Structure formats: structure tokens, C-alpha cells
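Student:
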Amino acid sequence: MPKKGTLLKSLSRGRVRASFNKYNLFNLYKKSQISFRTKTLYQQKWQAKQETRSYHGEHIREGRWQIMFQSKLDSVAQLDASLRGGKVEDTPYLLQTYAVLEKRLDFALFRAMFASSIRQARQFILHGNVHVNGVRVKHPSFILKPGDVFNVKQEKVLQALGAKKPDLKKALNVDKRQIILHNKFVEFAKKNPKQAWKQRIEKIKQLSNDSVEKKEYLTLVENYKKGLDAKELEELRNCTPEELLKNIIKTQPKQAPGLENDKAEKSDASTEAEKPNESAGKVENLTDADFESIFERDVTLKNLATQCYQEFSNSKLFDFESIKAKSEEEISTLVKDLLSPSDNIKKNLTDSQKVSMRTGKKHLSELEKKYSEAIRKYYKIAKNDSKSNELPFDSNWINSLVAHEKLDFAKLADNEQLAQTSIKLPNQHHVWGRKRSSLPFFTPWKPRPFLAPFAILPHHLEISFLTCHAVYLRNPVARPGHSEVISPFDTPLHERAYMFYNRKGK
6 MPKKGTLLKS LSRGRVRASF NKYNLFNLYK KSQISFRTKT LYQQKWQAKQ ETRSYHGEHI
66 REGRWQIMFQ SKLDSVAQLD ASLRGGKVED TPYLLQTYAV LEKRLDFALF RAMFASSIRQ
126 ARQFILHGNV HVNGVRVKHP SFILKPGDVF NVKQEKVLQA LGAKKPDLKK ALNVDKRQII
186 LHNKFVEFAK KNPKQAWKQR IEKIKQLSND SVEKKEYLTL VENYKKGLDA KELEELRNCT
246 PEELLKNIIK TQPKQAPGLE NDKAEKSDAS TEAEKPNESA GKVENLTDAD FESIFERDVT
306 LKNLATQCYQ EFSNSKLFDF ESIKAKSEEE ISTLVKDLLS PSDNIKKNLT DSQKVSMRTG
366 KKHLSELEKK YSEAIRKYYK IAKNDSKSNE LPFDSNWINS LVAHEKLDFA KLADNEQLAQ
426 TSIKLPNQHH VWGRKRSSLP FFTPWKPRPF LAPFAILPHH LEISFLTCHA VYLRNPVARP
486 GHSEVISPFD TPLHERAYMF YNRKGK
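Position 154 of the sequence shown, counting from 1, maps to 159 under my numbering, and the rest follow consecutively.
1) Cβ of K307 less than 9 Å from any chain D Cβ?
2) Hey, out of K181, N29, K150 and S320, whose CA is closest to A415's CA?
3) Taking Cβ to Cβ, would you say A120 is nearer than 9 Å to V157?
4) Under a three-way DSSP split, which group does I468 fall into?
5) Can you tell me whether I123 is buried or exposed? The criterion is at least 16 other CB atoms within 10 Å of its CB, across all chains shown.
6) What does a CB cutoff of less than 8 Å around N282 pick up in its chain, not counting 5 residues either side in sequence?
7) With respect to the beta strand (DSSP E) encompassing D153, which residues constitute its N-terminal and C-terminal limits?
8) Are the Cβ atoms of K170 and R501 separated by less than 9 Å?
9) I need the boundaries of the beta strand (DSSP E) containing A475, first residue and last residue.
10) On the premise that V135 lies in contact with F129, defined as a C-beta separation below 8 Å, what is that separation, rounded to the nearest angstrom?
11) Taking 7 Å as the limit between beta carbons, can you name the residues of its chain near A274, skipping five residues before and five after?
12) Where does Q422 land, buried or exposed, given buried means 16+ other C-beta within 10 angstroms?
13) Quick check on the DSSP output: the beta strand (DSSP E) that includes H136 runs from which residue to which?
14) If you reduce the DSSP assignment to three classes, tell me which class T338 lands in.
15) Between D153 and the rest of its own chain, which residues show a CB-CB distance below 8 Å, the 5 nearest in sequence each way excluded?
16) Could you tell me which whole beta strand (DSSP E) segments of length 3 or greater appear in the region 355-388?
17) Between the region 52-62 and the region 486-493, do three or more beta carbon pairs fall short of 8 Å?
18) Just the Cα atoms here: how many angstroms apart are T96 and G486?
19) Mind checking T224: buried by the 16 CB within 10 Å criterion, or exposed?
20) Check the C-beta distance from A310 over to F323 and give it rounded, since I have them as a contact under 8 Å.
21) Given K161, which residues of its chain have a CB within under 7 Å of its CB, disregarding the five upstream and five downstream residues?
22) Please list, in chain order, all residues of the same chain as P452 whose beta carbon is under 8 Å from its beta carbon, the five residues on each side excluded.
23) My assumption, with CB atoms under 8 Å, is that T448 sits in contact with L99. Please give the rounded CB distance.
24) Thinking C-beta only, is P481 closer than 9 Å to H499?
25) Among residues of its own chain, excluding the 5 on either side of F459, which ones have a beta-carbon nearer than 7 Å to its beta-carbon?
26) Candidates Y222, S298, V21 and S443: which alpha carbon is nearest N252's?
27) Please list the segments of the alpha helix (DSSP H) lying wholly inside the region 297-328, counting only runs of 4 or more residues, in order along the chain.
28) Excluding the 5 residues preceding and the 5 following F505 in the sequence, name in chain order all residues of the same chain whose CB lies nearer than 6 Å to its CB.
29) Any idea what DSSP makes of L74, helix, strand or coil?
30) Could you tell me which of K230, S332, A126 and F155 sits nearest to V140, measuring between CA atoms?
31) V340: buried (16+ other C-beta within 10 angstroms of its C-beta) or exposed?
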């Protein structure tokens, strides 16, 4: 029978156990260097035995361990083929004091990270979840031999190393906060799409390279860089006087909706004579900022675009109101008339209108030349900067953001099946942590917290986490400067523990 597990996680006693528990990590963190200065030899040996046995086989009774103890410690020495006799590090023989325990099946399971503690590994074995060489073994003390293959049921490994499954009430509280934050972000993104895009990119950059979201983003960046040549060619093809002028005259001032409302309110009071002045007032409302979206590669050209618009509008061939009602084909025809007017149009133009059209063409030609250079410069920098992980602003990104509908969480707390279908967040279409509520661990699976400090794989095991199989290669040995027995304690402590058990000159 094993020892009863009492006070295994006690913070006051501060014993370091063979466990992935967060309290055990705290005890390991606060464990200070043990001093033997004021202690007798027997006190030193006793304290060393206490500390090391709390980690190495604390569930095994002392009498049984003394029977298992072997005073002969296994080690190997590397032969120096050069025969130069260089400096060789000392071999830590005494760290092999508890090497005999590493042959046990329950210890091998824990070392292979198939269980979160020795006691849990023992439980897996007793419940018939472990096979050795294809045969079910229910004895935790089973001694492995070199070449033995053992495996554990995959669900048990996911339970051991996975995060704890939250209860429904806690999961719904998390979802409630997520929905509130998501709706706030959508509202902010609709008002400030470019600023929201930059904040999103910066947040993703701060994530670790192992996160799924960061990997997806880096994949998008790679795909974007591969298509830079095609995008550059497409933008240069669209950088023609016809396309630029079409985009310029289609530009609407940001104040236009407000002015239309004012016009509707004052339509009864306004006279027919005042209508031309209203239209002229709306043209004047066009500012340089309204043309920034057309010249994204070089926003400094917005001033020249405003001048070009004013010159062509002085030709009186179009006005602000008529452009809004025209189709794409009609606008294309208008652009041709502005750039190469027919003889009939020229007859009806005044000298000032002809001067305005010539000046507009001059500005348009200058815009085409400068913006083509800006496009080439932008893509040259983007291609050369291979370390950059930037994605340009995607205007269609905002269309994919949809606010989540309001939910009655009091009602969902009584019906988990309804809750699973009601939550529709962008990256989560289920209750938080309970995608598969029948499983005893967090789903979709994620590792338990504070697992990284314990993730140490031994040299004497070959492990496959995909199939939850492992091969016991050999018995752990000591080499110059290294021992294959994993322990949180140093050599002086193991030396005194070895002295405690190596009695009567054995």
C-alpha cells in the first residue's frame, strides 16, 4: 500500500513534489539553498533524506524503498580517442541515488509527460489505461526493461496536461465579457477603420510565435508578399489620366450627408434662384482630406488633386448633383469629353472654360507622373523589407465585422445546448472552454497553466506525443558533467542522502 497523500501541496512545509501543480511550482520557487553549517553529520543526512524523498517516490513507504535501494550507481565514461588527456568534467555519480526508481512504470509515465504527477500516473495504471508492449499492465511498480514500449490512452493524457474545464456559469460569464468587448471594438472599428486596423496588427505582433493567431497572420503576410508584383502592375495600369480623373470627379465631400439634410429641412424656404448657390457651396466643401483615399501611396498629392477638381469643375460640363445620379458608363463618357472634347462641345465653351480645362489636364498629367513614381517606390520598399511583417489596410476588412446580438444569459444558464448555438463570436462558436462538454478537460484543448517549467524530457526515453507512446531506451546513467536522473536538488544534498541509506559498508 502506498503512503497516504497528506499535505502534499502545503505551502508552509514547502516540500518539492514530482508534480506539475502550481503550488508545487511556488514551493520550488521559494526553496532556498540548504545550509549544513550548524548541523551534525546525522542531521545533515536526515535533512537531505527528507528533502530528496519528498520528490523521489514520496508515495513509497520507507521500508520498501530501503529494500529497493542499490548502493552501486551506474555511470559511463567517454573514451578520449585523441589520447590528449584534456580536461574532463566530474561525473555526478551521487545524482544516481534514486536512479532505480526511474525503471518503474509509474515514474516512466510521469517523466514522459503522460501524467501530471506520480500519483496520477499510478491511478492511470490501476484503472487499466496503460499498456506495455501491447499488454495491459495494472501494476505501478512494474519494472521496465530496455526496449519496452508503453502507451497511455490519449484522452487521459489530454486530461492530465490540459487546462481545467470551467463550469457553465463561469464559462457564460467569460462569454458575456467577450461579447461586450467585441461589440465595443466593432463600434470603434466602424468609426475609425484604419486606426482599428493598426491596433489589431500591433496586438497580433506582440503575441508569441507559437500562437495560432500569430501563425495565421504570418501566413497572410507571406501570401501578400508573393503577390506584390501583380498588385504593383495592376495599380500602375489603373494610374492613367482617365482612371484618375474618374476617381477625382466621383469624390464626395464628407459633409455632404449633413448638407443634404439641411437642404431637406430648408427646401420649403429656399427659392429656385438660390439652388445654384447651394450647389456651388457643396463644391467648396471638398477639402484635401477628401482625396486621401485616392492617393494612398502618396497623400501629399491630395492638394494637387483638389486643384485639378476645381479646374475641371469650372468647365461647367458637370456639377456636384449630376455626378451622384450618373452611372459608371456615363461618368466614363464624361471623362472622355473632359480630356478630348468634341467640336460641338468646344463651340459652346468660353475662353475661361477652355483655360480651366487646359490647366486641369496639366495638373492631371502631373498627378499621373508623380503617383506612378510613388507606387513604384512603395512596392520597391515593400519587396526589399523582407523582415517587415506589415499588412496594408484592407478596406473590405471592416465589412466582415458584425456586432454580436444581445443574449439572455440567465436563460442560457439553464440550457447548455441553447447556449452552444447562441454564441457566435468570430473565433468562437461555442461556450468558452466547453466545445465538447462531455470531455473532462478544457475544449478546444489547451495546456494547463505553469506547464513550461516542468517540460523536461529525459534522455533515456523516446517519446511520441502524437500517439502517446514512449520507448524505454535504457536505464538512466551518469556521464561527465551530466546525470540522466531529473532532480531539483544539487549534488551535496544527494551525497548526504546516499550516505544515509548506504549503511554497514554496503
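The beta-carbon is built from N, C-alpha and C at its ideal position, and this holds for glycine as well. Model, not experiment: these values are computed from the prediction.
Tutor: Here's the rundown:
1) Although the question refers to chain D, the structure presented lacks it and comprises just one protein chain.
2) K181
3) yes
4) strand
5) buried
6) Model confidence at N282 stands at a pLDDT of 42, short of 50, so the residue's coordinates are unreliable and nothing is read from them.
7) D153 to V157
8) K170 is not a Cβ neighbour of R501, given a cutoff of 9 Å.
9) H474 to Y477
10) 6 Å
11) With a pLDDT of only 42 at A274, under 50, the local geometry of the prediction cannot be trusted, and the value read off the model is given with reservation. Taken in chain order, the list of residues that qualify is empty.
12) Classification for Q422: exposed.
13) It spans V135 to V137 - the beta strand (DSSP E) in which H136 sits, taken as one unbroken run.
14) helix
15) In chain order, V137, N138, V476 and Y477 place their CB closer than 8 Å to the CB of D153, counting only its own chain and leaving out the 5 sequence neighbours on each side.
16) none
17) Pairwise C-beta distances place the region 52-62 in contact with the region 486-493, as three or more of them are shorter than 8 Å.
18) 5 Å
19) exposed
20) So it is not a contact: roughly 16 Å between Cβ atoms.
21) Close CB contacts of K161 within its chain, under the 7 Å cut and outside five residues either way in sequence, are with F129 and N134 (chain order).
22) Excluding positions up to five away in sequence, the list reads L166, G167 and A168.
23) 45 Å between Cβ atoms; not a contact.
24) no
25) F25
26) S298
27) Runs of the alpha helix (DSSP H) inside the region 297-328: 307-318.
28) Within the same chain, F505 has close Cβ partners K50 and K54.
29) Per the sequence shown, the amino acid found at residue 74 is Phe instead of Leu. Correct three-state label for F74: coil.
30) Checking every option, the nearest Cα to that of V140 belongs to F155.
31) buried
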